[in-house]
Structure formats: C-alpha cells, structure tokens
Amino acid sequence: MPTGDGWIRVIIEKPFGRDTETSAQLSSKLEPLFSEPQIFRIDHYLGKEMVQNILTVRFANRIFNSIWNAQNISNVQITFKETIGTEGRGGYFDSFGIIRDVIQNHLTQILALVGMGKPNSLDAESIRDAKVAVLRSIEPVTKENCVLGQYTASEDGKIPGYLDDPTVPKGSKCPTFAMIRLFINNDQWDGVPFILKAGKALEDKAVVIRIQFKDELRPYGEAAQRNELVIRAQPSEAMYIKITNKAPGITEDLRGTHQTELDLTYHSRYGVYIPDAYESLINECILGNSTNFVRKDELDAAWKIFTPLLHQIDQGHVTPIPYKAGSRGPKEADEMLISSGFKYQEGYKWSPQNKL
Ligand code: BG6
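Under this note's numbering, think of the first position of the sequence shown as 1, with each following residue one higher.
Here it is as structure tokens:
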C-alpha cells in the first residue's frame with residue numbers, strides 16, 4: 001500500500017462471480033482491502049471506440065437526443081457474432097455459457113449506454129449513476145423472452161460441433177447462442193424491445209448496435225423505408241443512418257424513393273490510429289478516470305437481470321436449440337426478432353468503400 005503521495009488502483013477482470021450472490025461475495029471480500037474508487041472493474045467493451053462514442057452521439061447532438069424514445073424508436077438490437085466456436089476454451093466456456101461470457105457484461109453495458117437518461121454532468125459518478133438507474137428499471141429476463149442455441153458441426157463438416165470438443169462434458173446443455181429480449185420500465189422506453197443477441201460459430205464476425213425507428217407512412221406508404229441508426233463497433237468502425245432519399249435522376253418508380261445512407265466510416269473519414277480497448281482503459285485507469293469501469297452497484301444491477309434465468313438454465317430447465325456452425329443461429333431467434341417489431345429491409349446493404 002502506498003504511503004505519502006502514491007496511489008494504488010486495482011484492475012479486476014471478469015468473471016465477477018456467477019450470479020448476484022457470488023458476485024456480492026466477491027465484492028464483500030474486496031471491500032476491506034480496497035475502497036471503491038481504487039477498484040477498476042474492467043469490461044473491455046467500454047474501451048472500444050464506438051462504444052465510447054455512444055454518449056457523445058446521443059448527448060452532443062440535438063437531432064438524436066430529441067428522438068431517442070418510445071415515440072420514435074421501434075426496437076433496438078445489440079448483436080455480437082463470432083465465427084469461431086469455443087475450440088480449446090470449451091472447459092472454461094462450459095461452466096459459464098454465452099450469457100455470462102458476453103451478454104451480462106459486454107452487451108448489457110452497451111444497453112445501459114443506449115438506454116440511460118441524460119447524466120447531470122460528464123463526471124464518472126454522474127454517468128455511472130445514470131447507467132445504474134436504467135439497469136434497475138429492467139425486469140429480470142424470463143424464459144419466454146429468450147432463445148438459446150448450441151452449435152453442431154458445420155454443413156461441410158469443417159467446424160466441429162460444440163459437443164465434439166473433448167474438453168466439453170458429454171451431453172452439456174451449455175448455450176453458445178442466446179437472444180434475449182428486455183424491456184426498460186420507464187416512460188422513455190415504454191414497450192420498446194431491446195434485443196441482445198450473441199453467438200459463437202455464426203455466419204459472420206461483427207458487433208453492431210441497430211436502432212430501428214418507427215414507420216413514417218404518410219404520404220409515401222411502404223416506399224418510405226424505416227430509418228435505422230447503425231453503430232458498427234467492429235470490425236471496420238462505422239456509423240451510418242439508413243434514409244429514404246429521392247432516387248436520383250429519372251426513375252420509373254412512381255414514388256421515386258430509394259434507400260441510401262449517411263455514412264461515417266471511420267477508416268475513410270479519420271486517418272487516425274484507433275487504440276485497442278485495453279490500451280484505452282489502462283490509460284484511463286492510470287489517469288484515475290473511472291467513467292468506463294463498472295461500479296459495484298452497476299455490476300449488481302446487471303446480475304439481477306440475468307440471475308433468475310441463469311439459475312433455470314443451470315438446473316437444466318431451458319434446453320438450447322441446435323444450430324449449424326456457420327449459420328445465423330436458431331430460426332426461433334429470427335422469429336423472435338420479427339415478433340418484436342423488427343422489419344428486415346431488403347435491398348440495402350452497407351458496404352464501405354474502404355472496408356478494412
Ligand atoms: C471476451 C469473451 O470477454 O470477449 C470471449 O470471454 C469473446 O468469449 C471476447 O470472444 C470478444 O472480445 P472482442 O474484443 O474480440 O470482441
């Protein structure tokens with residue numbers, strides 16, 4: 001322990017327990033050793049450039065701040081996809097599963113940043129107070145609002161199934177895919193589904209936050225496609241807004257509309273080095289800035305959302321649906337998306353000029 005002018009800061013990384021209770025036990029063991037301002041619970045997603053950008057985009061731009069609510073937003077999707085399975089980490093992974101590995105922490109942190117109210121100031125405590133407030137407004141997730149999956153071998157047999165990994169216990173029901181639908185119980189978000197989706201061995205590798213706005217049907221009808229604000233955290237950091245535009249030139253389409261995007265692709269717009277998430281966070285810790293670290297009450301609020309469901313899964317009450325490695329995951333997940341009001345729009349695909 002430092003004496004005099006020195007300081008001590010301790011960075012701790014997950015797993016922070018397995019549920020509300022074990023996480024609280026960990027916190028109470030730390031309490032006599034370090035004060036809360038000395039503890040930096042790291043969630044490396046909070047160090048990612050585009051995740052750090054969420055607050056700036058929301059609160060430094062009037063156009064977003066004023067439409068960020070249930071009157072205008074239909075649904076929010078936060079998606080984490082990886083093409084790799086759990087090869088070689090099956091032993092660790094099996095005792096945690098995708099909800100503890102990625103959803104309770106990384107995706108829930110993103111949800112808090114998207115859903116929180118305006119902080120009183122930009123200091124660490126105000127921001128974390130606002131995050132805690134929104135997390136506490138979320139009801140614990142139920143089985144009905146969740147689709148679990150576990151991957152089997154890929155169609156071509158090149159990627160083995162989860163259960164083929166010798167480090168995975170035979171017959172394991174551990175989910176490698178989950179889609180979870182949450183609702184924030186406050187006026188701002190009344191009835192808006194927040195859909196968290198995470199999966200291993202899927203068709204693509206990407207982390208994307210998709211805010212889909214409601215229809216604007218008069219006078220263009222279906223020809224006016226929904227606006228979407230898409231924040232692409234990785235790979236190829238980008239933010240774009242899908243808009244309906246007049247089709248340029250002479251067109252045979254009577255309504256003359258065309259879907260396009262306002263595109264901020266970081267690689268084309270900024271020629272700067274984007275640090276790795278851990279570089280940013282370790283730097284922030286050295287500077288003593290806790291904003292992007294998880295406070296004890298925030299961790300507790302995040303666990304409370306998932307603990308009842310995790311216990312049901314641990315007791316074998318929820319069986320994952322098999323999906324082929326390299327696919328989009330179980331079809332039941334896509335069905336849940338549609339039943340949440342998400343409209344898939346054919347025709348427009350984001351493809352950056354300078355994709356990295
Ligand atoms: C970790 C999980 O926290 O995040 C891994 O334990 C996951 O399973 C990883 O692969 C993803 O991090 P990134 O930065 O590669 O998206």
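Cβ atoms here follow ideal geometry from the backbone N, Cα and C, with glycine treated the same way.
Between Lys81 and Leu163, how many whole angstroms is the CB-CB distance? I'm expecting something under 8 Å. Not quite, the Cβ-Cβ distance comes to about 21 Å (not below 8 Å), so this is no contact.
Counting along the chain, where does the beta strand (DSSP E) carrying Ser172 start and finish? Neither: Ser172 is in no beta strand (DSSP E) and is coded neither H nor E.
Give the DSSP bridge partners of Val207, in chain order. Phe80, Gln234
Does the distance from the C-beta atom of Tyr266 to that of Gly149 stay below 7 Å? no
Exposure of Arg218, with buried meaning 16 or more beta-carbon neighbours within 10 Å: exposed
In whole angstroms, give me the CA-to-CA distance for Glu346 and Phe213. 16 Å
Take the Cβ of Gln225 as the centre, count every other Cβ of all protein chains shown within 10 Å, and call the residue buried at 16 or more, exposed below. buried
Is the beta carbon of Val141 less than 7 Å from the beta carbon of Leu309? yes
Should Val6 and Ser154 be called a contact, given that it needs their Cβ atoms to be closer than 7 Å? One point to set straight first is that residue 6 is Gly, not Val, in the sequence displayed. Not a contact, by the Cβ cut-off of 7 Å.
Within the continuous beta strand (DSSP E) that includes Val147, where are the two ends? 146–152
Enumerate in chain order the residues of its own chain whose CB-to-CB distance from Gly316 is below 8 Å, with the five nearest sequence positions on each side excluded. Lys173
Met239 - DSSP class collapsed to helix/strand/coil: strand
Could you check what DSSP says for Val192 in three-state terms: helix, strand or coil? coil
Among the candidates Val230, Arg255, Gly17, whose CA atom is the shortest distance from the CA of Leu264? Val230
I'd like the list of long-range same chain contacts for Gly341, defined as Cβ closer than 6 Å, with 5 residues on each side in sequence excluded. Ser74, Asn75
Cβ-based burial, Tyr45 [other Cβ within 10 Å; buried from 16]: buried
Val10 to Lys349 span [Cα, whole Å]: 44 Å
Drop a sphere of 10 angstroms on the beta-carbon of Thr319, count the other beta-carbons inside from all chains shown, and report buried for 16 or more, exposed for fewer. exposed
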